[in-house]
Structure formats: C-alpha cells, structure tokens
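Here the structure is laid out as structure tokens; the discussion comes afterwards.
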Amino acid sequence: MKFSTKGRYGLRAMVDLAVHAKGEHVALFSIAERQGISTNYLEQVFSLLRKSGLVKSVKGAQGGYILAESPADIKVGRILRALEGPLSVIDENAESSGGNETNIQQCIRMCVWDKMNEALNDLADSLTLEDLVDSYWKLAGVEDSMYYI
Amino acid sequence: MKISTKGRYGLEALVDLAIHSSEGHVNLKSISERCGMSEAYILQIFLILRRSGIVESIRGAQGGYILAKDPSEITVGDVLTALEGPLAPVACVAEKSEHTCDRYGNCETRGFWESVMNTMNDVANSITLDDLVECYNSIANQTSEIEYYI
C-alpha cells in the first residue's frame, strides 16, 4: 500500500513553494534543485496542481509558480487528490466489477475499505499546507540550533 | 495508495473460511469455487497466512484449512499486514530507516505519512474477522429471501 512519487514529491514541492514564495513567483528549477527532483517531473506535477486551482503560473523570464490560495486554506487532502485521484485504499475499477459484488465483498467493503477510506480522507483534510510549513520551520530551527552546539 | 489483490482476495477467502469453518476443515477447492479465485492463488495466500499463525492446515483426504484462533481474536490488521507488509503509505515510515531517503531526518512531510500509517493500522486493528462474519450473516439473511423468490 503505497502512494506514488507524484503524491510524495508533489506534497514536498508545495511546501517548498509555500516556504520560498514570499509573495513572488518561484521558478520550478529552484524547487527542483532544493528538493532533488527533476524539473521535467515537477512540470508534470505542477500542471496537475494548476488544473486543480492550487497554483498559478506566470510565463516569461521572471515567471514561475505561486500558490493560488493561502497555505492555511489548502488542505493536504486537496493536494493529494489533485495528484493521485480519489484517496482510496482500493482500486475502484478492480473492485465490484459491474455490480456483481458478492455478500462477502459487500461486507468487506462496508466494514473495512469504506472505513479506511473515510479515516484517510478525514486525516488528509484535517491538515493544511500551513501545518506542513510550520513543521518545515521547526525542523529548520532544530538544524540552526544544532550548528551552534 | 492501494491494497493489492493479495490483500483483497486474502481477506475475502479468509472470511469465507470463517463462515464455513463451523463445518470442520474447509478445503481450498470449495473456497476457490465460492469466491471465484484460482485454487493455486488461494494456496499461495494461505501459505502466508499459515506462517503468520492465522490459519492451520490439516493434511489428508478430509484435510483442509481452519482458523488458528477464534475469529474475534484475528483482526483485519493481522491479515493485511501478513499479506501486504506494513500498511505504510511511503517506504520511509514502513522501514523507519534513513536508508530509504536522504532527507529522512529532515522531512516536513514524514510526520503526515506516519499519521496516515497509524490511522490505517488503528482502523484495521479495530475490526475483527468476527465482525465481518456478523456483517455477512446480516446481509445474507436480508438477501436470502429475495433470492429464493427469483
């Protein structure tokens, strides 16, 4: 049970953008450099994020990306759904092929998969990009103080 | 983040075993027929479940499989973890190892992935095989009347 690299890298790239934006556009290659992700791959990721209205792009030499909303208004669940599709532990296409669900499949769906999906979505929607940015600064703070030791 | 067919089919076959084990040992052929899965695949799954102490096998003509414990003592978490490994959304939280990523000690998203794993475990560990059998029985009671009339 794993999230794809799109979800993992996309989430980190969004935190990077939020941290470094400071009201200005951020070039993809600078995010790519800091995060150790290829610019090509980030382009795919940001094209999905843009389609979902999470980031805005500006073309040109000074262009780049900026968050479309304040980090406090962007739920982690929205970012992951934009990149991964619906957050579900089950491949919806593989399951219940054409409504021929058996009784056992039905009870597993209701008692297990639906509950896991609900918990997963609730958790992802309880956290915002701002919370992750806070974690970033906390980690950065720990690093700073470590340099002084 | 998806549960593989091994986890999905395994849970299904195990619920089938739990439902039918009141009749003694259940052979794989009958599970395979009822669940519409190949016998070879179920065998592969049951070998893993046996190693994890979830089912026991009996050899011989009247042989087959039986649950190793009471259904109320087997959680969905036990079954999925046996078949899938840790219910982890990313490798670094499954192995708790810095070898999985060079940003392991300095990642602002790892905390979130850890809580996803903990939440998935909490949900899976709170559901027992007995709960699923009970759910099955209540569904079967509702539908049996309709099926007889068709």
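Sequence lines, in order, name chains A and B.
In terms of the numbering used here, the first sequence has 924 at position 40, counting the first letter as 1, and numbering is strictly consecutive.
In terms of the numbering used here, the second sequence has 1582 at position 102, counting the first letter as 1, and numbering is strictly consecutive.
In this text, a Cβ means the ideal position worked out from N, Cα and C, and glycines have one as well.
Scanning chain B for C-beta atoms nearer than 9 Å to the C-beta of A/S936 yields nothing, as the closest lies near 18 Å away. A Cβ-Cβ separation of about 6 Å places B/Y1616 in contact with B/V1495 under the 8 Å criterion. Relative to A/S954, the option among A/T923, A/V939, A/L967, A/G947 whose CA is nearest is A/V939. Contacts with chain A at 8 Å (Cβ-Cβ) include B/P1569.
By the Cβ rule, the region 1538 to 1546 of chain B counts as touching the region 1494 to 1510 of chain B, because three or more pairs are nearer than 8 Å. Within the region 1500 to 1583 of chain B, the complete alpha helix (DSSP H) runs of at least 4 residues fall at 1508 to 1515, 1519 to 1531, 1556 to 1564, 1571 to 1575. Cβ proximity to chain A below 8 Å picks out V1596, T1599, M1600, D1602, V1603, A1604, I1607, D1611, L1612, C1615, Y1616, I1619, A1620, T1623 from the region 1596 to 1624 of chain B. Annotated as proximal: A/K890 and A/L967, with beta-carbon spacing under 8 Å.
Chain-order list of chain A residues neighbouring B/V1556: V996, by C-beta distance under 7 Å.
Minimum Cα-Cα distance from A/L932 among the listed residues A/I988, A/L964, A/M1000, A/F913 corresponds to A/L964. Between B/A1604 and B/G1565, the C-beta gap is not smaller than 8 Å, which leaves the two residues out of contact. Closer than 8 Å at the C-beta level to chain A, one finds no residue of the region 1523 to 1547 of chain B. Chain-order list of chain B residues neighbouring A/Q990: I1619, by C-beta distance under 7 Å. By the criterion of a C-beta distance shorter than 6 Å, B/C1581 is surrounded in its chain by C1572, once the five residues flanking it on both sides are discounted. DSSP, reduced to helix, strand and coil, places B/T1599 within a helical segment of the structure shown.
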